[in-house]
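Protein sequence lines, in the order shown, are assigned to chains A and B.
Going by this note's numbering, the residue at position 35 of the first sequence is 36; the numbering climbs one at a time, nothing skipped.
Going by this note's numbering, the residue at position 103 of the second sequence is 190; the numbering climbs one at a time, nothing skipped.
Structure, as structure tokens:
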Amino acid sequence: EPEVTQTPSHQVTQMGQEVILRCVPISNHLYFYWYRQILGQKVEFLVSFYNNEISEKSEIFDDQFSVERPDGSNFTLKIRSTKLEDSAMYFCASSEGRGGNQPQHFGDGTRLSIL
Amino acid sequence: GNSVTQMEGPVTLSEEAFLTINCTYTATGYPSLFWYVQYPGEGLQLLLKATKADDKGSNKGFEATYRKETTSFHLEKGSVQVSDSAVYFCALRGSNYQLIWGAGTKLIIKP
């Protein structure tokens, strides 16, 4: 069964450094998403991406964050200058469409630790 | 705004017991509802879904029925196994793109 893959599984970065999290969505999917889960808290939506542009973003997704689909397969999340509070598990997801019968499929996540 | 409330865990059961994990939601319009499961060390896997009132989603012996009158989507399984031990998340998607998540319920099944 096709799956969403994320790399790396664990990223350790010094505060203030830039970090790029990578995702390969399912190949025929058109909608892409990033979520995060701070330890002990709810999963939170960050951003959705369709047709090479952001379609929706949350308040968390400020100017420090950006997303890109640099080629036909990768979907990346960049955090420009990391803060301690960016430490979380980051999940990438993709879906064929937006309908309820086209659910979002998730990767295994990248655990980001900011020192 | 939209929100999801799940029963707090952990829920600890013996093997072959009946499972219910409660989920209620607040939403405008007609959201789609989902249950995701996260096994230890793994990502979020879709368990089941329902897209309209009275729909029943089912998978791997788990069921949940979309109840509009009580705004609920409770997860049930008739006989749990040790391998069902995981964290279960209820989520909804409204008219926009994002999933709104419950806090997750940790399920522990003892042999």
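Glycine included, C-beta positions come from ideal geometry on N, C-alpha and C.
None of the values given here were measured: they were computed from a predicted structure.
### Query
Hey, how far is the Cα of residue 34 of chain A from the Cα of residue 49 of chain A?
Rounded to the nearest angstrom, the gap between the Cα atoms of residue 34 of chain A and residue 49 of chain A is 4 Å.
### Message
Just to confirm the assignment: which complete beta strand (DSSP E) runs, minimum length 3, are found wholly within the region 128 to 155 of chain B?
### Response
Whole beta strand (DSSP E) segments, 3+ residues: 132 to 137, 143 to 146 and 149 to 152.
### Query
Which residues does DSSP pair with residue 79 of chain A in a beta bridge?
Its beta-bridge partners are A:21 and A:67.
### Query
What residues in its chain sit with their C-beta under 8 Å from that of residue 199 of chain B, if we drop five residues either side in the sequence?
Here chain B has residues from 88 to 198 only, and residue 199 of chain B is not among them.
### Message
When you compare the CB positions of residue 137 of chain B and residue 153 of chain B, do they come within less than 8 Å of one another, or not?
### Response
With contacts defined as CB atoms closer than 8 Å, residue 137 of chain B and residue 153 of chain B qualify as a contacting pair.
### Opening and closing residue of the beta strand (DSSP E) in which residue 111 of chain B lies
Start and end: 110 to 113.
### Backbone CA spacing between residue 81 of chain A and residue 54 of chain A [nearest angstrom]
Counting only the Cα atoms, residue 54 of chain A lies some 19 Å from residue 81 of chain A.
### Message
Using only the alpha-carbon positions, how far apart do residue 163 of chain B and residue 100 of chain B sit?
### Response
Looking at the two C-alpha atoms, the distance is approximately 13 Å.
### Task
Flag residue 98 of chain A as yes if its beta-carbon sits less than 8 Å from any beta-carbon of chain B, otherwise no.
So, not an interface residue.
### Query
Would you say residue 92 of chain A and residue 12 of chain A are within 8 Å of each other, going by their C-beta atoms?
The Cβ atoms of residue 92 of chain A and residue 12 of chain A lie no closer than 8 Å to each other.
### Message
With a threshold of 8 Å between beta-carbons, can residue 105 of chain A be considered close to chain B, or not?
### Response
It does; some Cβ of chain B falls within 8 Å.
### Query
Does residue 68 of chain A come within less than 8 Å of chain B when only Cβ atoms are used?
It does not: the Cβ of residue 68 of chain A has no partner Cβ on chain B nearer than 8 Å.
### Query
Within 8 Å (strictly less), CB to CB, does residue 109 of chain A reach chain B?
Closer than 8 Å to some Cβ of chain B, the Cβ of residue 109 of chain A qualifies, so yes.
### Query
Is the region 57 to 64 of chain A touching the region 16 to 29 of chain A, taking contact as three or more C-beta pairs under 8 Å?
No, the region 57 to 64 of chain A is not in contact with the region 16 to 29 of chain A.
### Task
Please say whether residue 191 of chain B and residue 174 of chain B have beta carbons closer to each other than 8 Å?
It is a contact, given that the beta carbons lie within the stated cut-off.
### Message
Just verifying my parser: in three-state terms, what is the DSSP assignment at residue 31 of chain A?
### Response
Residue state, collapsed to three classes: coil.
### Query
According to DSSP, what are the bridge partners of residue 85 of chain A?
According to DSSP, residue 85 of chain A bridges with nothing at all.
### Of the listed residues B:196, B:184, B:159 and B:160, nearest to residue 168 of chain B (C-alpha basis)
Out of B:196, B:184, B:159 and B:160, the CA that lies nearest to the CA of residue 168 of chain B is found in B:196.
### Message
Using C-beta distances below 6 Å, list every residue in its chain close to residue 131 of chain B, excluding the 5 sequence neighbours before and after it, in chain order.
### Response
So the qualifying residues of the chain are 123 and 125.
### Task
Specify the secondary structure class of residue 91 of chain B as computed by DSSP and reduced to three states.
Reduced to three states, the DSSP call for residue 91 of chain B is strand.
### Task
List the residues of chain B that residue 57 of chain A touches, going by C-beta distances under 7 Å, in chain order.
For the C-beta of residue 57 of chain A, the chain B residues within less than 7 Å are, from N- to C-terminus, 183, 184 and 185.
#### Entry: Proximal residues to residue 73 of chain A (C-beta, below 6 Å), its chain only, five neighbours per side dropped
For residue 73 of chain A, where only same-chain residues beyond five positions count, there are no Cβ hits under 6 Å.
### Message
Could you tell me the alpha carbon to alpha carbon distance between residue 135 of chain B and residue 40 of chain A, rounded to whole angstroms?
### Response
Using only the alpha carbons, I get a separation of about 25 Å.
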